[in-house]
Structures are given as structure tokens and as C-alpha cells.
């Protein structure tokens, strides 16, 4: 079984401030973890993914996430927010070992204030 | 261009009128899946398919059917739509399971009156 919890459905930050979006997961086997971003009126696109090669994962547009097994977390961060980062962000988990199902969190809408 | 194509993008229909949302990918992906997105609920998986003629239920399959007769196509069928199926639908595909990334279509917004 697998699940994902995203804390905070809406997050507001000032332009230039740190972005921190939280994701906790639950899985019965080692997971693959993903962050996707959805811009208005578009489909989802990949920001970054964790596949057990390295616990700190760097993605596009300056985002990164750290896999912490002890905390079952995969939080997304960016040192300095840009206006163009305003979007909805989804954390997702897929189990290793050939499992097919991908489970998404409920999403966090990021607002960037000028 | 590698992509997942969904049609129609927007549809308004009435209760009980059968409809099909088509999904096609040009990347030779084995895995395809349908999701619905509702405010506050995120994306919930409806059905998925690991390969031709292999489909399985996701978290919210009630009221939907799918088929996978060809590798590239994975249509979503609503035999008798109801208002609670008003939603934004996404089709996605990936090379296979595991760490492979999902490629999403642009979405189909369905309204059932």
C-alpha cells in the first residue's frame, strides 16, 4: 500500500524568499518519489524524481528535494522564489518491485507575492 | 514531438448520454493511466494499463470503463455519465512501471448536467 500527504493546500511566499513544500509518504516497500508541477490550464510536468541513487535530488528551475527515510519525507525546496513559480505542485509515489500504481497527493498551490 | 493527446478538451453533456474520451500516445509507452482531478482531492487514478489487453482498476473506477486494444490508445468510456463525474480528466503514459516518469496530456474538462 502507498499514500502521500501534502501539508498545506495553499502556500504564499514573497518573491525572493525560500520555497518549502511538504510531502510525506507511506509505502510498504522502497518507493520512487516524484514532484510534478501544473501551471494554469496545463497538464502536469515533472520537476524531479527520487530513485534511490542519491537522497538529494536536483530538478528543473532551481528546485530540489531531499529524501529522508527516517522521516518518510520528500520536501520540495527552492532558495529564491520567482513569480513564474506560481503553480500547483503535486507529490507522487510509486512503489518499487514492479508495482504499477502511481498515487498523487492532494496538491499545494504556490502563490508568489511581488 | 513526443506527446499524449486527449480529445475532446472540453465537453458538456447530459446525464446518461454515453461518451468516450480518447487518449493516444506516440512514444511506444507500455503504461497508460487515467486520472481525474477535483479541487481539494488532487489526482485520483481511475484505471491503468500495463500493456495491450491488460487493464486494472485504480482508486475510483466506478462508472468508468477502459480498453487497450492497441498500444498507443487508451480510451475512457462513461457509459451513463452522472453529475458527480463532472471533473478534469488527465491521461498519462510512461515507458513502464518503476521510476519511469509519467507524460501527461493537456486534460479534458467534462461537465455533466
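Chains as they are written, first to last, in this note's numbering: chain A, -13 to 100; chain B, 201 to 313.
In this text, a Cβ means the ideal position worked out from N, Cα and C, and glycines have one as well.
Per the DSSP secondary-structure output, residue 212 of chain B pairs in a beta bridge with B:311.
For residue -4 of chain A, the closest alpha carbon among the candidates A:66, A:95 and A:100 is that of A:95. Under a criterion of Cβ atoms nearer than 9 Å, no residue of chain B is adjacent to residue 45 of chain A; the nearest Cβ is some 11 Å distant.
DSSP lists B:236 as the beta-bridge partner residues of residue 244 of chain B. DSSP places residue 92 of chain A in no beta strand (DSSP E); its state is neither H nor E. Boundaries of the beta strand (DSSP E) harbouring residue -11 of chain A: -12 to -9, taken from the DSSP string. Assignment of beta strand (DSSP E) within the region 31 to 85 of chain A, counting only whole runs of 3 or more residues, yields 42 to 44, 50 to 54, 59 to 64 and 73 to 81 in chain order.
Ranking B:272, B:281, B:250 and B:271 by CA distance to the CA of residue 265 of chain B puts B:281 first. In the three-state reduction of the DSSP assignment, residue 226 of chain B falls in the coil class, being assigned neither a helical nor a strand state. Within chain B, not a single residue places a beta-carbon under 8 Å from that of residue 97 of chain A; the smallest gap is close to 16 Å. Chain-ordered, the chain B residues with CB closer than 8 Å to the CB of residue 92 of chain A read 240, 241 and 242.
Annotated as proximal: residue -8 of chain A and residue 77 of chain A, with beta-carbon spacing under 8 Å. Residues of the same chain with a CB within less than 7 Å of the CB of residue 287 of chain B, apart from the 5 flanking positions on each side, are 236, 237, 238 and 310 in chain order. Between the C-alpha atoms of residue 100 of chain A and residue 47 of chain A there is a straight-line separation of about 18 Å. Using a 10 angstroms sphere on the CB of residue 242 of chain B, the tally of other CB atoms reaches 16 or more, which defines it as buried. DSSP lists B:249 as the bridge partner or partners of residue 255 of chain B. Looking at A:74, A:36 and A:26, the one whose alpha-carbon comes closest to that of residue 300 of chain B is A:36. Here residue 27 of chain A carries a coil assignment [DSSP, helix/strand/coil].
In the structure shown, residue 207 of chain B adopts extended strand secondary structure according to DSSP, grouped into three states. Contacts with chain A (Cβ-Cβ distance below 9 Å) from the region 215 to 233 of chain B involve 231 and 233, listed in chain order. Residue state for residue 284 of chain B is assigned as helix, using DSSP reduced to three classes. The DSSP-derived three-state label of residue 292 of chain B is strand. Proximity of the region 62 to 80 of chain A to the region 7 to 16 of chain A meets the contact definition, three or more beta-carbon pairs being nearer than 8 Å.
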